[in-house]
Amino acid sequence: MTRLARPGVDGSAWNQMIRAATGAGGRREPGHHGTPAQRLAASTWAADYANAARDKKFVEPSTRFEALFDAKLPDLVDTP
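All residue numbers for the sequence shown refer to this note's numbering, where the first residue is 2 and numbers rise by one.
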């Protein structure tokens, strides 16, 4: 496997950035933010929620959206 080199970034730091950007790593790692399937499920849920809004000019308060997302999160994380 060929590794990409970046000027001024050592291999370890570069690999950490790639892992964080792609969500690679174990679920308990601080940089983990979901598998590609989980991120797709979360973004699809959010897009469907936005598209279902009757008033497209209304901005949902962030605290309400956060509560809705947190309630849905267990289903999204179950995505393979």
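Glycine included, every Cβ here is placed at the ideal spot set by N, Cα and C.
What is the DSSP secondary structure of residue i, counted as helix, strand or coil?
i: Glu67; result: helix
i: Val60; result: coil
i: Asp79; result: coil
i: Ala43; result: helix
i: Ala48; result: helix
i: Ala54; result: coil
When you compare each of the options to residue i by their alpha carbons, which one comes out closest?
i: Val78; options: Ile19, Ala54, Gly35, Phe66; result: Gly35
Residue i and residue j: beta carbons closer than 9 Å?
i: Ala54; j: Glu61; result: yes
i: Gln66; j: Trp46; result: For clarity, residue 66 is Phe in the given sequence; the question names Gln instead. Contact flag unset, no.
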